[in-house]
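K.L.:
Below is a structure I'd like to ask you about.
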Amino acid sequence: MKKKHEFLCINCPLGCSLELTEEGGEILEIAGAECKVGEKYAEEEFRNPRRRVSTTVRVSGGTLPLLPVASESPIPKKMVRDAVKVLAETVVEAPVADGQVIYPDILGTGVNVVASRRLDRESTR
Ligand code: SF4
Numbered sequence: 005m006k007k008k009h010e011f012l013c014i015n016c017p018l019g020c021s022l023e024l025t026e027e028g029g030e031i032l033e034i035a036g037a038e039c040k041v042g043e044k045y046a047e048e049e050f051r052n053p054r055r056r057v058s059t060t061v062r063v064s065g066g067t068l069p070l071l072p073v074a075s076e077s078p079i080p081k082k083m084v085r086d087a088v089k090v091l092a093e094t095v096v097e098a099p100v101a102d103g104q105v106i107y108p109d110i111l112g113t114g115v116n117v118v119a120s121r122r123l124d125r126e127s128t129r
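Listed below in structure tokens is the structure:
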């Protein structure tokens, strides 16, 4: 039986509404894309959706208690929740440099999670 899936292309400001038609996992048609990027995006969203992880980790000895972090590239969408859980348990020692690897190879994805900003050590004076 044919099934339709709808996606919103987020690759440019046009924001095309995409409609992918499949049957038994085989893609029959992708409609609504103004360019090939959108067609590829709909196919990826259907076969292997990925998302960038963006959250915070706790900091020990820093000027702030939390550090914003993000994955260097998207990871499989179904792993995002677990990745956020792992990062919620992570504590880093200040100082932290912008872009410093905070959690390498998160959940075996090959993707590093890095600091989104620099965070200095709290002065003890
Ligand atoms: S399909 Fe192409 S034109 Fe449309 S939003 Fe995506 S990238 Fe932009």
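Heads up, this note's numbering is the position in the sequence shown plus 4, with the first residue counted as 1. All C-beta atoms, glycine included, are put in the ideal place defined by N, C-alpha and C.
#1: Tell me which residues share the same chain as D117 and place their Cβ nearer than 6 Å to its Cβ, disregarding the 5 neighbours each side in the sequence.
#2: Check whether the Cβ of N15 lies closer than 8 Å to any heavy atom of ligand 1, and answer yes or no.
#3: Are the CB atoms of E97 and S64 nearer to each other than 9 Å?
#4: Taking 8 Å as the cut-off, does the region 48-57 touch the region 75-90 (at least 3 CB pairs, one atom from each stretch)?
#5: Given this structure, state the Cα-to-Cα distance separating I31 from T113, to the nearest angstrom.
#6: Using 8 Å for Cβ pairs, my map puts L68 next to V100. What's the rounded Cβ distance?
P.N.:
Judging by the given coordinates:
#1: As a first step, residue 117 must be located in the sequence shown, where it is residue number 113. The sequence given here has Val at residue 117, not Asp. Closer than 6 Å at the Cβ level, and outside the excluded window around V117, lie V73, S75, I106, Y107, I110.
#2: Reading the sequence shown from its first residue, position 11 is the one you call residue 15. N15: yes, Cβ under 8 Å from ligand 1.
#3: For the purposes of this step, residue 97 is taken as the residue at position 93 of the sequence shown. For the purposes of this step, residue 64 is taken as the residue at position 60 of the sequence shown. Result yes, Cβ atoms of E97 and S64 sit closer than 9 Å.
#4: yes
#5: Indexing the sequence shown from 1 puts residue 31 at position 27. Indexing the sequence shown from 1 puts residue 113 at position 109. Taking the straight line from one Cα to the other gives about 26 Å.
#6: The residue you call residue 68 lines up with position 64 of the sequence shown. The residue you call residue 100 lines up with position 96 of the sequence shown. Contact doesn't hold; Cβ gap of about 10 Å is too wide.
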